[in-house]
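Protein chains in written order, with our numbering: chain L, 1 to 355; chain X, 1 to 252; chain D, 1 to 293.
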């Protein structure tokens, strides 16, 4: 009975994504898509996956991560690095990209666990600020990271390219603040949509499984969850690591869509984390389908309304505040309680019973 | 040996001795009442028994196993489940999922199986549904399985909390003022349900109540706490006639 | 000598962090929320002075006073509009709203003042002191910043210890409901806390922009986050903690810039936060907080 309803709900979500994909592909195939829009398709998938991933942390786990762009950054650089090294050895782009994506997910998950072990013990506000700090640290480190490859193997330096000490045939792969140049352009809209569906599949199925139930129980009431024998750290860490690995995958998609990948405040900084958070809040915290739709609308809308582009971020911030006030303020709660359908039905019922 | 053997249990907060030299021995199948005025330390005893607080002194033995100082999660696995004075449900989960969360440790399958919907997922979830429905029907909640727990009326929330605790399949069930906030009729009905649980599940129950009349009807034994110390302990009828208890309750 | 120079500059930067951290720590102590927008109030304070002096040609001191008034009003408004309706909401909702407010202030400033960095004229006209044949130079800004920080600490401590309003703040931070029952006007006390915190943010903004004479819409964001790190480091909710945490953080940052790597200074500061939270989550001088069961 209940499971049927959940399954139908999931199918609607997948259906929306597939319909979106079909429409976009048709528009693209019939040349009805502006070049600007075409260029937006892969980033759109990146943002949608990021929103799904962050919603797992914010909505399901109930913790605020402000360093989600950091996990994306880790995924982007690890996968791009792999693709650069293997460019000549693995010539099949699909195979290479699949391995790169798996690497990005695994590396990001490892980072998620490393960060999560200490951080998830903290109270909410601290967790937010520490994840923010983590994102900044990652960005900082990548900006001073130099990696090169020559006949002897891989050289690493945190100073400059010259101190890599490479041989004649040496090639710089990660060049400090200049980042990685020449990553194979393996990302396509189709792969992006497949990754989005995989992300949705993982998150939605996780939510309705035993582990997901434990995570949501912890979110709703940690003390009660402990009292029924749920291992708090284990499940928090599990959700966080899954969320990080999905962000890593989004990073791989992002990296393989760019000729030059570098860690700027714009793409992997705090601002990116906030933008994704706006998607999650607008789509509804804990509402996975909402995240996907919100990410799509908020990515496409500003492009359509170019004139508003200066005000885009301002509008985002107002949306963020407005949504929170509408959803969580005590006045709004009262208002909603008064007009909620359940309440009205109940009122009706009690009146009937009284009769 | 009794099911629960607690000796010399104590804890201080700051300079205050919240619970001191607390002892209790509960036999299997007993329905035991812990009573006392507000602030006597009843809930603190529960928090000590369930590992929310670590005791300064004393030992807690559950079925001959020393559980003193263990974490809440482990104590639950060892066999103690509880409810809370201020209800702590998973408000955004359905009634059914609240109970299934309680079944968490008794029905296992891997996260991987859950995500990829392997047969172990299907079979286990089905068994969990059945078990949860069975528990919910005891509390007359089987009509509201898909409602969010937060939307249940107050009295049913209390019942659901008991159902969730029972789902962990405990040896000992601790109920913290299960009738708080209920009207006399609801209270009476709940007390009957509690007695029924003991018989149906062969359960051992320790319950907190500050209304003495209420517990005297169903509990075989009582411990009266006052200012963190045991005032009186023993068979219900003896305790109720103890002059110390009468003095503390009715004043001089 | 160069070590001493770095150290004193660190003290100066740390003093600014300490003043900002006070705002965080007071608000956290009383409203139990992380006011993410606090750093951006600093930036607004800086712009208020900039507009008054550069565009309107006012005397710097008057400009500073106006800036304090602007930020105080801003702080109270933010609290009334965005935070007050959420008193009973989940911490997550409040935190997200605060981030929204921070983002709002940044983008509002971006539209009004554009993103290019303005040159900020220092409001401090005390000459620099040169010691040991010019090997040790202490600027007027450094002196004023450190002295201002100490004065603020003393006044604030006296205010909380000696005045009725200060006692009310303590009471609210201990137990909001109990304070209300005892006749404390909780709403007014929270407003006052935001007012003081934001007024201090204006001062911090002026000092920061005088020492590092640039200003753009993002000026407040990083110092704001670092000052929060300082508040956590010292122990959130504790006023002496804010001072100690701020000074230590300023010194750590300047010394790592000098001796390790200027690019990594931020990363090092943030690592300090992570280490502190791991080893002593309550900070150096913080109180333990636990949930009642």
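A virtual CB, placed ideally from N, CA and C, is assigned to each residue, including glycine.
Do residue 64 of chain L and residue 105 of chain L have their C-beta atoms closer together than 9 Å? no
Residue 171 of chain L to residue 179 of chain L span [Cα, whole Å]: 13 Å
Selection from L:23, L:91 and L:123 that minimises the alpha carbon distance to residue 33 of chain D: L:123
Would you decide whether residue 176 of chain X is buried or exposed? Buried here means 16 or more other CB atoms lie within 10 Å of its CB. buried
Could you tell me which residues DSSP puts in a beta bridge with residue 32 of chain X? X:206 and X:221
Could you work out which residues of chain L lie near residue 109 of chain X, taking near to mean beta carbons separated by less than 7 Å? 210
DSSP three-state call for residue 63 of chain L: helix, strand or coil? It is coil, neither helix nor strand.
Please list the partners that residue 263 of chain D has in chain L, where partner means a Cβ-to-Cβ separation under 8 Å. 140, 143 and 144
To the nearest angstrom, how far is it from the Cα of residue 189 of chain D to the Cα of residue 41 of chain D? 20 Å
With 16 other CB atoms within 10 Å as the buried threshold, where does residue 95 of chain X fall? buried
When DSSP builds the beta bridges, which residues end up paired with residue 10 of chain X? X:57
Neighbourhood of residue 179 of chain D by C-beta distance below 8 Å, restricted to the same chain and skipping five residues each side: Once the five neighbours on either side are set aside, the close Cβ partners of residue 179 of chain D are 168, 171, 172, 186 and 189.
Go ahead and pull the three-state DSSP assignment for residue 38 of chain D. helix
What alpha helix (DSSP H) runs, 4 residues minimum, are completely inside the segment 131-191 of chain D? 140-162, 164-174 and 176-181
Assuming residue 270 of chain D and residue 137 of chain L form a contact by the criterion Cβ under 8 Å, report the distance between their Cβ atoms to the nearest whole angstrom. 5 Å
Please state whether the Cβ-Cβ distance between residue 267 of chain L and residue 73 of chain L is less than 9 Å. Yes. Within cutoff.
Residue-level contact to chain X via CB, residue 213 of chain L, 9 Å cutoff: Yes, its Cβ sits closer than 9 Å to a Cβ of chain X.
For residue 141 of chain D and residue 54 of chain L, I'd like the C-alpha separation in whole angstroms. For residue 141 of chain D and residue 54 of chain L, the distance between alpha carbons rounds to 43 Å.
If you compare alpha carbons, which of X:151, X:99, X:213 and X:207 is closest to residue 160 of chain X? X:99
With 8 Å as the limit, tell me which residues of the segment 254-288 of chain D have their beta carbon closer than that to any beta carbon of chain L; keep them in chain order. 261, 263, 264, 266, 267, 270, 271, 273, 274, 277, 278 and 281
Where residue 350 of chain L and residue 213 of chain X are concerned, what is the direct C-alpha to C-alpha distance, given to the nearest angstrom? Because residue 350 of chain L sits at a pLDDT of 48, beneath the cut-off of 50, its placement in the model cannot be relied upon, and the point is left open.
Any idea which residues DSSP pairs residue 94 of chain X with across the strands? X:148
Residue 144 of chain L - DSSP class collapsed to helix/strand/coil: coil
Top-ranked residue by Cα proximity to residue 77 of chain X, from X:165, X:29 and X:97: Of the residues X:165, X:29 and X:97, the one whose Cα lies closest to the Cα of residue 77 of chain X is X:165.
Can you confirm whether residue 28 of chain D, when its beta carbon is compared against all beta carbons of chain L, has any partner nearer than 9 Å? Residue 28 of chain D counts as touching chain L.
Suppose you measure from the CA of residue 96 of chain D to the CA of residue 16 of chain L; what does that come to, to the nearest Å? Rounded to whole angstroms, residue 96 of chain D and residue 16 of chain L show a C-alpha spacing of 28 Å.
Go ahead and pull the three-state DSSP assignment for residue 177 of chain X. coil
Pull up the DSSP beta-bridge partners for residue 181 of chain L, would you. L:260
Can you tell me where the alpha helix (DSSP H) with residue 18 of chain X in it begins and where it stops? Careful: residue 18 of chain X lies outside any alpha helix (DSSP H), inside the beta strand (DSSP E) at 16-26.
Buried or exposed: residue 53 of chain D, going by 16 or more other Cβ atoms within 10 Å of its Cβ? buried
Buried versus exposed, by CB contacts within 10 Å (16 or more), residue 156 of chain D: Buried, since its Cβ has 16 or more Cβ neighbours within 10 Å.
Under 8 Å from the C-beta of residue 76 of chain X: neighbouring residues of chain L: Simply 226, 227, 228 and 229.
Let me check one thing: in DSSP terms, what residues is residue 172 of chain L bridge-paired to? Beta-bridge pairing links residue 172 of chain L to L:148.
If I measure Cβ to Cβ from residue 198 of chain X and keep anything under 8 Å in the same chain, skipping five residues before and after, which residues do I get? Excluding sequence neighbours, residue 198 of chain X sits near 29, 31, 204 and 205.
Three-state class that DSSP yields for residue 2 of chain X in the structure shown: coil
Using a C-beta to C-beta distance shorter than 7 Å, which residues of chain L count as neighbours of residue 100 of chain D? The answer, in chain order, is 317, 320, 321 and 324.
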